[in-house]
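Numbering (my numbering), first residue to last: 85 to 365.
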Amino acid sequence: MDDATAAAGHGADLAGLIRTEFLFLGRDAAPSIDEQEAAYRSVAALAGRRAVIRTLDVGGDKPLPYVDQPAEANPFLGLRGLRLALAKPNLLRDQLAAISRVAADHPVSVMFPMVSHVDELLAARHFLDEVGNPSPAGLEVGMMIEVPAAALKAAAFVPHLDFVSIGTNDLSQYALAAERGNEAVAASADPLDPGVLRLIDAVCQAVSGSGVRVAVCGEMAADPAAVPLLIGLGVEELSVGPYSVPVVKQAVRNLCMSACRELARHALSLPSAAHVRALVE
Ligand code: PEP
Ligand code: MG
85 MDDATAAAGH GADLAGLIRT EFLFLGRDAA PSIDEQEAAY RSVAALAGRR
135 AVIRTLDVGG DKPLPYVDQP AEANPFLGLR GLRLALAKPN LLRDQLAAIS
185 RVAADHPVSV MFPMVSHVDE LLAARHFLDE VGNPSPAGLE VGMMIEVPAA
235 ALKAAAFVPH LDFVSIGTND LSQYALAAER GNEAVAASAD PLDPGVLRLI
285 DAVCQAVSGS GVRVAVCGEM AADPAAVPLL IGLGVEELSV GPYSVPVVKQ
335 AVRNLCMSAC RELARHALSL PSAAHVRALV E
C-alpha cells in the first residue's frame with residue numbers, strides 16, 4: 085500500500101509489478117478470497133491506473149508454513165513461482181478468483197511468474213477461465229520472462245498473452261549461473277552482460293508486431309546505464325521502484341530512439357558487461 089501511494093504520487097503510469105507474496109508470508113494460513121480481494125482492490129484504487137497483479141511467487145527459498153513443501157537442495161531451481169502454484173492449485177484458484185473480482189471494475193492485469201513451458205501458461209489460463217467465467221472485459225493476461233529458455237522461445241507464448249514482462253533479476257541469475265543475493269558472485273550477475281542483453285533482444289524480436297507489449301520489471305529498469313539499451317532493444321515499458329519513476333521518465337524523455345537502437349545493436353556485439361557500461365558512458 086505504501087509503495088502504491090508513493091508510485092501514484094511520483095507519476096507512475098501504472099503499477100507494473102505487484103508482488104502478492106507479501107500478503108501470504110509471515111502468517112499461519114493463506115488469506116481468504118475476500119481478504120485478497122480487499123487488498124488488491126485498495127492497491128488498484130490507489131494506483132488509479134492499470135494494476136499488474138503477479139500471482140504468488142514463493143517456493144523453497146520463501147517457504148509458506150501452511151504449504152507442505154519438502155526442503156530442496158537448490159530452491160531457485162525447484163518448485164517455485166508458477167510451478168508451485170500449479171502443484172497447489174487451491175491457492176492459485178483462490179488468488180485468481182480474487183483478482184477476477186477486482187478486474188470486474190478496475191483495469192487489472194494478471195501476471196504469472198517463473199514460467200518455463202507453454203503448458204504451464206495454458207494450465208494457469210485454464211484456472212483463470214474456470215474462476216472468472218465470463219472473463220472480465222478489462223482483464224489482461226501476461227507472464228514474466230525469467231527463465232532463459234522461455235526468452236529464447238518467447239514466440240511460442242505470444243498467442244496466449246497480452247503482454248510479457250522480463251524479470252531481469254531472475255533472468256540474469258539463471259543466464260549467468262550467479263545466485264542473486266550471494267555477494268560473492270554479485271559482480272558476475274550484471275544484467276548488462278551481452279548474454280543477458282541478447283536474451284532480452286530475443287524476446288523483443290519475438291513479440292515485435294504481434295500486439296503483445298514487452299516490459300522490463302527487474303531492478304535493471306531503473307539503472308540509468310540500462311535504460312537507453314532497453315529502449316533501443318524495443319522494450320516498451322519500464323517498471324521501477326516508486327522513487328525511481330521521475331528520474332527514469334526524465335531519462336527516457338532525453339533519449340533519441342534511433343541513437344538508442346544503434347547503441348543497443350553495438351552493445352550486443354561486445355564481450356562483457358564492463359565493455360557495455362563503458363560504451364553507454
Ligand atoms: C525479477 O526476477 O526480475 C522480478 C522482477 O521478480 P522478483 O524480483 O520478485 O523475483
Ligand atoms: Mg523474479
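Backbone N, C-alpha and C define an ideal beta-carbon position, used for all residues, glycine too.
Small disclaimer: the values here were computed from a predicted structure and weren't measured.
First through last residue of the beta strand (DSSP E) which encompasses residue i
i	result
E346	Segment 341-352 is the alpha helix (DSSP H) holding E346; no beta strand (DSSP E) there.
V242	Segment: none, V242 is in no beta strand (DSSP E) and carries neither H nor E.
L281	Element bounds for L281: not the beta strand (DSSP E) but the alpha helix (DSSP H), 278-291.
Ligand 2 heavy atom lying under 8 Å from the CB of residue i
i	result
N71	For the chain, the structure presents residues 85 to 365; residue 71 sits outside this window and is missing.
P197	yes
D285	no
E230	yes
D254	yes
D97	no
D141	yes
Residue i (DSSP reduced to helix, strand or coil)
i	result
E224	strand
K333	helix
R138	strand
V151	coil
S294	coil
E365	coil
R264	coil
D97	coil
H190	coil
N338	coil
L109	coil
E121	helix
P159	helix
D307	coil
A114	coil
Proximity test, residue i beta-carbon vs ligand 1 heavy atom, cut-off 8 Å
i	result
G251	yes
C56	One cannot answer for residue 56 here, as it falls past the ends of the chain, which runs 85 to 365.
R297	no
R103	yes
Residues bridged to residue i [DSSP beta-bridge criterion]
i	result
L322	V300
K146	G143
V248	M227, V298
F196	M227
I102	I137
CB contact flag (residue i, residue j, <9 Å)
i	j	result
V186	P278	no
A261	S272	yes
R164	M198	yes
L255	P220	no
L245	L205	yes
P308	H94	no
V142	F108	yes
S323	G100	yes
L276	A310	yes
G226	F196	yes
A265	C301	One detail in the question is off: residue 265 reads as Gly in this sequence, not Ala. Cβ atoms of G265 and C301: not closer than 9 Å.
E224	S193	yes
V287	I315	no
T104	Q179	yes
F247	V298	yes
Enclosing alpha helix (DSSP H) for residue i [first to last residue]
i	result
G93	86-93
R209	202-215
P312	311-317
L175	173-187
L236	232-236
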